[in-house]
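Notes follow once the structure below has been shown.
Numbering (our numbering), first residue to last: 303 to 636.
This is how it looks when you write it as structure tokens:
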């Protein structure tokens with residue numbers, strides 16, 4: 303597969319995703335029961351995002367479809383994507399998602415990963431020429447944006463793991479939504495929080511990477527977060543301090559693709575996602591540097607190696623198929 307988003311690649315990603323965003327089972331709910339009345343099926347709990355094995359994967363599946371539709375509005379899957387959005391992204395069903403979120407038991411639901419992907423979806427829908435889907439999702443997006451506004455000032459420490467709880471990933475994704483909506487206050491909060499959490503970091507060893515179920519590099523996603531939220535003239539000195547030996551290919555662990563031994567194991571399959579998310583970050587960081595910077599070829603070669611390791615395996619097993627294409631798209635579009 304070429305390491306660029308071609309029409310053929312986009313069509314393949316869309317076909318994979320259309321095959322699971324409305325597939326209700328198997329399903330892994332992240333659901334707290336306050337009483338027996340809360341024991342309901344995924345579709346009853348979540349009128350829009352009930353497929354793709356879990357809620358957050360369904361959300362970023364919709365993001366992938368919106369992105370493909372934006373890039374290739376006349377592609378072979380475009381009609382199916384529009385039909386899906388017309389069925390699902392409607393006020394009545396979004397109201398059901400908002401009602402779920404309003405329950406006291408859902409305060410921490412999908413924080414921060416699902417929150418961030420919901421806002422990333424809202425950002426992508428806002429760029430489509432059909433405004434009805436963006437308008438329909440707006441109440442849910444605003445609910446998640448408010449959750450970030452409420453939560454970030456309360457959180458004294460970042461979460462640096464390589465899984466859903468990573469806070470740098472959340473900040474990075476929400477920054478796109480804040481820019482698109484012109485929410486300068488949210489943009490300022492994201493930047494201030496990132497500088498409070500990560501501004502003093504230096505000499506990152508990355509010695510704990512990869513962990514056995516990582517799909518994010520805690521080092522690289524932190525760098526990508528800071529690239530996205532900081533002004534360029536402030537980011538460069540921070541980046542120089544944070545990973546000072548990149549030109550030498552150090553820390554070496556960041557440039558070795560993870561080995562995936564069993565793609566039917568959902569946790570081990572995360573490592574394909576790690577390879578894709580590393581490629582995304584490495585490409586984005588390379589693009590932020592001057593072309594003559596000696597780190598650029600090192601970052602690009604690392605990205606290519608990670609893409610080569612992961613792209614052939616997006617549909618090997620449903621444990622990866624229900625989510626990996628979204629991270630492949632992030633990497634190819636970096």
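All C-beta atoms, glycine included, are put in the ideal place defined by N, C-alpha and C.
Let me know if residue i comes out buried or exposed under the rule of 16 or more other beta-carbons within 10 Å of its beta-carbon.
i	result
residue 566	exposed
residue 530	buried
residue 327	exposed
residue 623	buried
residue 593	exposed
residue 448	exposed
residue 311	buried
residue 399	buried
residue 614	exposed
residue 561	exposed
residue 339	exposed
residue 330	exposed
residue 282	Within the shown structure, residues of the chain are numbered from 303 to 636, placing residue 282 beyond reach of any answer.
residue 563	exposed
residue 360	buried
residue 480	buried
residue 469	buried
residue 418	buried
residue 496	buried
residue 601	buried
Are residue i and residue j closer than 9 Å when you measure CB to CB?
i	j	result
residue 553	residue 521	yes
residue 307	residue 634	yes
residue 464	residue 513	yes
residue 572	residue 619	no
residue 556	residue 511	yes
residue 313	residue 411	no
residue 627	residue 351	no
residue 406	residue 453	no
residue 318	residue 617	yes
residue 321	residue 357	no
residue 585	residue 548	no
residue 478	residue 421	yes
residue 334	residue 408	yes
residue 401	residue 451	no
residue 632	residue 370	no
With a cut-off of 9 Å, does the C-beta of residue i fall near any C-beta of chain C?
i	result
residue 495	Looking at the structure shown, chain C is missing, and only one protein chain is on hand.
Have a look at the options and flag the residue whose alpha-carbon is nearest the alpha-carbon of residue i.
i	options	result
residue 542	627, 588, 618, 415	588
residue 518	434, 329, 617, 580	580
residue 545	363, 500, 349, 332	500
residue 380	309, 595, 503, 338	309
residue 354	636, 621, 420	621
residue 611	578, 585, 629, 600	578
residue 348	385, 404, 377, 375	404
residue 599	550, 625, 617	550
residue 526	547, 583, 401	583
residue 558	604, 377, 564	604
residue 433	460, 368, 461, 478	368
residue 459	502, 485, 419	502
residue 467	506, 631, 523	523
residue 323	337, 345, 332	345
residue 505	498, 484, 539, 532	539
residue 456	629, 498, 595, 336	498
residue 568	390, 325, 341, 625	625
Query raised in the report: Hey, which unbroken runs of the alpha helix (DSSP H) at 4 residues or more fall wholly within the region 568-606?
Result: Runs of the alpha helix (DSSP H) lying entirely within the region 568-606, each at least 4 residues long, are 568-589 in chain order.
Query raised in the report: Along the chain, which unbroken stretches of the alpha helix (DSSP H) at least 4 residues long are found entirely within the region 323-347?
Result: DSSP runs (the alpha helix (DSSP H)) wholly in the region 323-347: 344-347.
Query raised in the report: Along the chain, which unbroken stretches of the alpha helix (DSSP H) at least 4 residues long are found entirely within the region 377-449?
Result: Runs of the alpha helix (DSSP H) inside the region 377-449: 380-390, 393-404, 415-427.
Query raised in the report: Can at least three beta-carbon pairs, one atom from the region 490-507 and one from the region 466-473, be found at a separation below 8 Å?
Result: With a cut-off of 8 Å, the region 466-473 and the region 490-507 count as touching, because enough Cβ pairs lie within range.
Query raised in the report: Pairing CB atoms from the region 435-449 with CB atoms from the region 394-412, are three or more of them under 8 Å?
Result: With the rule of 3 Cβ pairs closer than 8 Å, the region 435-449 counts as touching the region 394-412.
Query raised in the report: Mind pulling the beta strand (DSSP E) runs of 3 or more residues that sit fully within the region 439-521?
Result: With a minimum length of 3 residues, no continuous beta strand (DSSP E) run stays inside the region 439-521.
Query - Segment contact, 8 Å Cβ cut-off, at least three pairs: the region 356-370 with the region 419-434 - result: Taking a contact to require three or more Cβ pairs closer than 8 Å, the region 356-370 and the region 419-434 qualify as touching.
Query raised in the report: If you pair each beta-carbon of the region 442-461 with each one of the region 380-389, do three or more pairs fall below 8 Å?
Result: Here the region 442-461 makes no contact with the region 380-389; the two share fewer than three CB pairs at distances below 8 Å.
Query raised in the report: For the region 523-561, which segments carrying the alpha helix (DSSP H) assignment without a break, of at least 4 residues, lie completely within its bounds, in sequence order?
Result: Whole alpha helix (DSSP H) segments, 4+ residues: 534-544.
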